[in-house]
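Numbering (our numbering), first residue to last: 155 to 445.
Following this line, the structure appears as structure tokens:
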């Protein structure tokens, strides 16, 4: 048996033998056989099996907790050994939203790769706040307000949301002078950043936006951005996405910059006694990039 701790923890976390086999790059029959060997070696049943699922026995719960502690200790030991090297190296797994990834992070990673050629980067783009500890992610770039957690968070960029529209839309419909004027305009909004109600509460809690005004919505902020560029309506977009358009005039910020709402970018990583060199240098690098 190669690594019983990794085998059992992966099986529990993946939830099925097939998923565990895929995660471990082996066969379902191999996972089943190794589990049987492990139970025989321990002299106790770890899982209560049914035809389609399984549940942990009391012994399984105890063993799983021990597996997680052992694997974490091994990971920290490996990080200590890596930190003895003066040159950062290894695989750095980074996750962020597709919008921030395309708009900013890919340029940062390209420059980072040139500075640290011995670090390989695996970038995962998703709008879901995945469990970075469970998924083995070294660092997450998170946008907006963070939930309470045991993770370490460091501010990377103090951005903001911008109410904006394309010049072609404003030429046809006019530019709103006050918040109340928004009720006469079409609204374009990203459902991936929360409903338009949540967005407007941050900048104009008393404003009522009717359903008929919601001209276009999408669960991808890049689609909303392009819809705004095409003149479909007014929207609220992160500054990191539209700052070049505002400078060039392809988008116009409304209300003279008085309705910006905070939109903070954080680097988030697991709390550990020994932060890997590869993670530390990346956090420092991205903070310097926006400084």
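All residues carry an ideal CB built from backbone N, CA and C; glycine is no exception. Values in this document were obtained by computation on a predicted structure and should not be read as measured data.
- Residue 303 and residue 291 have their C-alpha atoms spaced approximately 16 Å apart.
- Assignment of residue 417 by DSSP, reduced to helix, strand and coil, places it in the strand class.
- Counting along the chain, residue 308 sits inside the beta strand (DSSP E) bounded by residues 306-319.
- Cβ-Cβ separation between residue 297 and residue 251: approximately 6 Å, consistent with a contact (criterion under 8 Å).
- Buried is the label assigned to residue 399, since at least 16 other Cβ atoms lie within 10 Å of its Cβ.
- By the neighbour-count definition (other C-beta atoms within 10 Å, threshold 16), residue 432 is a buried residue.
- A Cβ-Cβ distance of about 17 Å is found for the pair residue 245 and residue 295, leaving them out of contact under the 8 Å criterion.
- For the stretch 216-279, the continuous alpha helix (DSSP H) assignments of 4+ residues that do not extend past its boundaries occur at 260-269, in sequence order.
- By a beta-carbon distance limit of 8 Å, residue 305 contacts residue 425. Their separation comes to about 6 Å.
- In chain order, 251, 252, 253, 344, 346, 347, 391, 392 and 395 place their CB closer than 8 Å to the CB of residue 375, counting only its own chain and leaving out the 5 sequence neighbours on each side.
- Excluding the 5 residues flanking it on each side, residue 420 has same chain C-beta neighbours closer than 7 Å at 296, 300, 307, 308, 309 and 310, in chain order.
- Here DSSP, grouped into helix, strand and coil, assigns residue 424 to coil.
- Excluding the 5 residues flanking it on each side, residue 167 has same chain C-beta neighbours closer than 7 Å at 288, in chain order.
- The Cβ atoms of residue 402 and residue 315 lie no closer than 7 Å to each other.
- Excluding residues up to 5 positions away in sequence, 221, 224 and 225 lie with their Cβ nearer than 7 Å to the Cβ of residue 159 in the same chain.
- Residue 442 is classed as exposed because its beta carbon has fewer than 16 other beta carbons within 10 Å across all chains shown.
- Here the alpha carbon of residue 436 sits roughly 42 Å from the alpha carbon of residue 191.
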